[in-house]
Amino acid sequence: MSVQPIGSSRAVRLRFGPFELNVAERSLSKAGQILPLGGRAYDILIALLENAGEVVPKSELIARVWPDVTVEEGSLRVHLSALRKTLGDGQFGNKYIANIQGRGYRFIAPVTLLSAALDSGNASSGLSSLPPALGRMVGRSKVVLEIQRLLQTDQRLTTILGAGGIGKTTVALSVGHAALADFSGAVFFVDLSTVTDNEQVIGAVASAVGLVPQPADPKEALLNFLSARKALIVLDSCEHLIERSAEIVDYIVRNTPAVYILATSRETLRVPGERVFRLCPLDCPPEQLQPTASEVLAYPAARLFAERVSARRGSFSLSDDEAPMVAEICRKLDGIALAIELAAGRAAVFGVGNTVARLGSRIDLLKFGRRTANPRHQTLKATLDWSHDHLSEAERIVLRRVAIFIGPFSLEAACTVAEQEGIDRSEIEGTVANLVNKSLIVAWPSYRRMLYRLLDTTRSYALEKLAASGEHNSMAARHASHLSRSLEDSRDNLFDLESGRPPGSAIQHYLGDVRAALEWSFGPGGNGGAAIRLAAAASRLFLAKSLFVECREWMEKAINRIAADCDPRDQMEIHASLALSLMFTAGNSERVRDAFNTALTFAERRDDPYQQLRLLSGLSMYLHRTIDAAGSLEVARRAVSVANKTGNPEDAALADSMLGSAYYMLADHVRAPKYLERALHGAPACRRFNATQYLFDLRTTSLFNLTRSHWFAGNLDRAGNYAVRAVEEAEKSDHPIALCRALILTMPFYFWVDDLGQAERNLSALELTAEKYSLEPFRAVALGLRGRYLVRIGRMADGMCHLRDSLDKLKILRYEMLVTDFVSELAIGLARQNERAKALALIDSSIATQLGSNRPLHLPALLLAKGSAFVCGEPQQLGLAAECFGEAMTLAGQQSALSFELRAGLELARLWIDRGQTRKAHDLIGAIYGRFTEGFETPDLMSARLVLEQTRVRARQAG
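Sequential numbering from 749 applies to the sequence shown in the working numbering.
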């Protein structure tokens, strides 16, 4: 609890454990004996007590205790050590001050605020009927302080509102104890949970304030008793007697001048002057990879769990291994204090691992409780029974039916599943509003409209009621049908589900419901036709969220269930989504091509140009990955034909991007940039990549192909600029496929210009993204790129091992994009290790593959690598090396690949210089170098200038 008003004249005594602190006298006593305590240690104790239960940073303590002096942390530790010694901290199991690693210190023992009046024998000291505080409170000090401040104003009626088990009574008792001084001990606690009749409410209040039963009108007698007093009445658990409680509260507030009411309820009193204070769940640790114990314990829900386990077990220190499990427990229990305390009781006996494993059956688990608690708080089920027993029949029906939703749901969705004959929409809407008022449904504001949800624990309870009613299957069918319609209505752009929110965050809420509906639909109670419809509708949701493995699994299940009479559009969607998800998770098999072609056949039968373009873009990506240049050009031309029919500029831009990519693969570095630039100009830069509309990112694809085409053509500055833009736009797209493709296809440029720093940064990003989304082909490529990097930094053996593994994986996955790069790097490494036969065999095999498949693009690079392998051999093989370099130059010249022409020329020039043919070398490099217009600070052009200078010097010396 917080005791922040510690400097006031009223807050003069504090009690914790066997100790009593007199603020006015600056003294600490134990069993009536004053204990010696230095001024600095005393100030530290005061600062910690003012924030009891909360972490006080070291810097704040130092500033408080040494306000005008600069000191080191060592001084703070010295005085803290003296304070702990005085308190006997840690002895005999007594703990008062906890060191929170790297953050500060926290006072962890329960603290009671006493008043001077209570200790001086004031006549009012015996009036309070407050029970003891319910243990040390966690995460509520600010709430308590805010309510305390309200009680010090003219605000005389405050209601603490919240779901069952959220901690309303705990907070109210804490406020009551803190307010004893302000009300001279006249703080009264009325437990209405034991009152079953409206007429008993007035008697319960009278009894709590100490009024002897009167034969006269009890309301008038109570008023006479209270009218001359300043008092605080804590009215606990009003919800089941809400109307009578509201009536009496209103009567007291209107007819007494100084009586304050603090009510707790799951429903508002709706009395004039009521200030409602909604108690929210405790903050829980968010989902993150392997959080540490200190990170998890920064959240009050986790601290409450840890402290309750410790209280029950005797000692408990949360380890980093257990921290993720505790975070999961807190999240699954929605930060509900009672649920967390009950789970902690289980964990104290059976361990954290066992507890988190049992959370799938929350209600059974949480029957384990506290024998000494109020009956309605002994188990979570008892708390929920208490609420359920006081619902109307309509409220019970709606509550159990909306429990079918896993996440937030709209009012329309609630009406869809809850409707029945005799109950119209307006009645259901009113019932939902009642359940919100009774804290059984949580209102969930969104950008466009109000959404609603059940806390997990409430939902588990309501699902039991749904199963008992025999309605579960019928509600599951309504749920699945509603989701199918909702997804179909947003099929063309799932991002519009919640316009104005960050893309993806809106549809995230639907994932849990969609998964549950799919499980039911494909299960024994489901329906085949409904399952196909939902799978087709959900496929784009999975693509939008980059859940490729999950998408593939559901689509394969759907294909096994497809019947001849299934909607052709659904069949098309399922085959298209299977193709894409399969391609990115299992490689470029013939199943991928077949699935794309099957989907395209449906699109063409339906004469649906939008779907045709969408599917052609996916097929184009498949052909790009398998380096099928001719097939890619044919698909691009089909896309141009379809785009011409639609007349849509964005369709035309998509077709141009596909056409430019095809010409790049055909090594046409004149036409490729023309179409790629035109695609960029036709595609809005501000538009986010939407994987549900097109199967590849038009802008990112154009940018990385422009990078490579300009690099090959010798426009190295432009290539560098496009490489940066490609990755930046891919990052903005928030889509892992776009990012991985941009990283993979721009990284070879950085190796080319020896920018190993940038290559390593991009490689790390690629590895993380491919791993996170289980993108096996991209993981295999990342392995090869890591091999290239290791070779370049001198770790030849490790690099070659990575390259071999990558090539083996890529062969299985049929991913061809960077295979020639890895073959070239590995072959040169083998040659340098005197394994020239293996090196040459590897390169010759790759050259044969390129020639046999009409793939001219990478032949200059392979011939360069073959020449380098010969250079590593015997002197008599240098002639063969020169032939390879010459052939590479010729091919590069035919392709307008000036960068490769220069690199091959440099290798050939070095051979000629070694033979003394300096003039020939000078003329060769001079002619190539003179055709460059940019990139003069890149390694090859710097080498070219050096060769020209050396050959000029040698020519002068020879002359």
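Glycine residues also receive a C-beta, built at the ideal position from the N, C-alpha and C atoms.
Beta strand (DSSP E) segment containing residue 770, residue limits: Locating residue 770 in the sequence shown gives position 22, counting from the first residue. Here the beta strand (DSSP E) through residue 770 covers 767-770.
For residue 894, the nearest candidate out of 785, 980, 1025 (CA to CA): Residue mapping note: residue 894 aligns to position 146 of the sequence shown, counting from 1. Considering only alpha carbons, the answer is 1025.
Residue from 1380, 1363, 1364, 1365 with nearest C-alpha to residue 1371: As a position in the sequence shown, residue 1371 is number 623, starting the count at 1. Nearest option by C-alpha distance: 1380.
Three-way DSSP call (helix, strand, coil) for residue 1207 in this model: The residue you call residue 1207 lines up with position 459 of the sequence shown. It is helical.
Residue 846 in three-state terms, based on DSSP: Mapped onto the sequence shown, residue 846 falls at position 98. In the structure shown, residue 846 sits in a strand (DSSP, three-state: E or B).
Check whether residue 1029 and residue 1050 have beta carbons under 8 Å apart: Locating residue 1029 in the sequence shown gives position 281, counting from the first residue. Locating residue 1050 in the sequence shown gives position 302, counting from the first residue. No, the pair does not count as a contact, with Cβ atoms beyond the cut-off.
Beta-carbon gap between residue 1629 and residue 1607 smaller than 8 Å: The residue given as residue 1629 occupies position 881 in the sequence shown. The residue given as residue 1607 occupies position 859 in the sequence shown. For residue 1629 and residue 1607, no; Cβs fall outside 8 Å.
Length of the line joining the Cα atoms of residue 1060 and residue 1096: As a position in the sequence shown, residue 1060 is number 312, starting the count at 1. As a position in the sequence shown, residue 1096 is number 348, starting the count at 1. Answer to the nearest angstrom: the Cα atoms are 6 Å apart.
Sub-8 Å separation of residue 1635 and residue 1641 beta-carbons: Counting from 1 along the sequence shown, the entry for residue 1635 is found at position 887. Counting from 1 along the sequence shown, the entry for residue 1641 is found at position 893. Cβ distance not < 8 Å, so residue 1635 and residue 1641 don't count as in contact.
Entirely enclosed alpha helix (DSSP H) segments - the segment 1360-1401, minimum 4 residues: 1377-1394
CB of residue 877 within 8 Å of CB of residue 979, strictly: Mapped onto the sequence shown, residue 877 falls at position 129. Mapped onto the sequence shown, residue 979 falls at position 231. No; because the gap between Cβ atoms is not below 8 Å, this pair is not in contact.
Spatial neighbours of residue 1704 in its chain, beta-carbon cut-off 8 Å, leaving aside the 5 residues before and after: Position 956 of the sequence shown, counted from the start, is the residue given in the question as residue 1704. There are no such residues.
Segment limits, beta strand (DSSP E) that includes residue 1501: Counting from one through the sequence shown, the residue named residue 1501 turns up at place 753. Looking at the DSSP string, residue 1501 is not in any beta strand (DSSP E), and its letter there is neither H nor E.
Inter-stretch contact (C-beta, 8 Å, three-pair minimum) for the segment 1458-1465 and the segment 1678-1692: yes
Alpha helix (DSSP H) runs contained entirely in the segment 1261-1327, provided each spans 4 or more residues: 1276-1292, 1296-1309
Other residues of its chain near residue 1180: CB distance less than 7 Å, five sequence neighbours each side excluded: Taking the sequence shown and counting its residues from 1, one reaches residue 1180 at position 432. If we look at residue 1180 and ignore the five residues flanking it on each side, its Cβ neighbours are 1146, 1159, 1162, 1189, 1200.
Validate contact between the segment 998-1009 and the segment 912-925 using beta carbons, cut 8 Å, 3 pairs: no
Which of helix, strand or coil DSSP assigns to residue 807: Walking along the sequence shown from the start, residue 807 turns up at place 59. Helix.
Rounded straight-line distance, which links the Cα of residue 1391 to that of residue 1531: Residue 1531 sits at position 783 when you count from the first residue of the sequence shown. Residue 1391 sits at position 643 when you count from the first residue of the sequence shown. About 38 Å.
Status (buried if at least 16 other CB within 10 Å, exposed otherwise) for residue 997: Against the sequence shown, residue 997 aligns to sequence position 249. With 16 or more Cβ atoms within 10 Å of its Cβ, residue 997 is classed as buried.
Pair within 8 Å by beta-carbon distance, residue 1449 and residue 1471: Within the sequence shown, residue 1449 is the residue found at index 701, counting from 1. Within the sequence shown, residue 1471 is the residue found at index 723, counting from 1. No, the pair does not count as a contact, with Cβ atoms beyond the cut-off.
Residue 1139 and residue 1205 closer than 8 Å at C-beta: Position 391 of the sequence shown, counting from 1, holds the residue named residue 1139. Position 457 of the sequence shown, counting from 1, holds the residue named residue 1205. Not in contact: residue 1139 and residue 1205 (Cβ atoms no closer than 8 Å).
Same chain only: Cβ atoms within 7 Å of residue 1080, ignoring 5 sequence neighbours per side: Counting from one through the sequence shown, the residue named residue 1080 turns up at place 332. Hits under 7 Å: 1107, 1204.
Beta-carbon proximity of residue 1018 to residue 994, cut-off 8 Å: Within the sequence shown, numbered from 1, the residue matching residue 1018 stands at position 270. Within the sequence shown, numbered from 1, the residue matching residue 994 stands at position 246. Yes, the Cβ-Cβ distance between residue 1018 and residue 994 is below 8 Å.
contact_flag[the segment 1589-1605, the segment 1412-1422] where n(CB pairs < 8 Å) is 3 or more: yes
Check: residue 1361 C-beta below 7 Å from any heavy atom of the ligand NAP: In the structure shown, the ligand NAP is absent, as is every other ligand, since no ligand is present at all.
8 Å Cβ cutoff met for residue 1055 and residue 886: For the purposes of this step, residue 1055 is identified with residue 307 of the sequence shown, where counting begins at 1. For the purposes of this step, residue 886 is identified with residue 138 of the sequence shown, where counting begins at 1. Going by C-beta atoms, residue 1055 is nearer than 8 Å to residue 886.
Secondary structure of residue 1687, DSSP reduced to three states: Numbered from its first residue, the sequence shown carries residue 1687 at position 939. Note: residue 1687 maps to helix in three-state DSSP.
Close Cβ partners of residue 1363 (< 7 Å) along its chain, the five nearest in sequence each way excluded: The residue you call residue 1363 lines up with position 615 of the sequence shown. Here the set comprises 1324, 1344, 1347, 1348, 1351.
Contact set for residue 837: own chain, Cβ-Cβ below 7 Å, skip 5 residues either direction: Here residue 837 refers to the residue found at position 89 when the sequence shown is read from its first residue. If we look at residue 837 and ignore the five residues flanking it on each side, its Cβ neighbours are 843, 844, 845.
Residue 762 (DSSP reduced to helix, strand or coil): As a working note, residue 762 is residue 14 in the sequence shown. Strand, per DSSP.
Residues near residue 931 in its chain [Cβ-Cβ closer than 7 Å; skip 5 each side]: On the sequence shown, residue 931 is found 183 positions in, with the first residue counted as 1. Taken in chain order, the residues that qualify are 978, 979, 980.
Inter-residue spacing [alpha-carbon to alpha-carbon] between residue 1084 and residue 1027: Residue 1084 sits at position 336 when you count from the first residue of the sequence shown. Residue 1027 sits at position 279 when you count from the first residue of the sequence shown. C-alpha separation (whole angstroms): 10 Å.
Alpha-carbon to alpha-carbon, residue 796 and residue 853: By 1-based counting over the sequence shown, the position of residue 853 is 105. By 1-based counting over the sequence shown, the position of residue 796 is 48. Approximately 8 Å between the Cα atoms of the pair.
Alpha-carbon spacing of residue 839 relative to residue 1065, whole angstroms: Reading the sequence shown from its first residue, position 91 is the one you call residue 839. Reading the sequence shown from its first residue, position 317 is the one you call residue 1065. Spanning the two alpha carbons is a distance of roughly 17 Å.
Where residue 1708 falls: helix, strand or coil (DSSP): Missing from the structure shown is residue 1708; the chain here goes from 749 to 1707 and no further.
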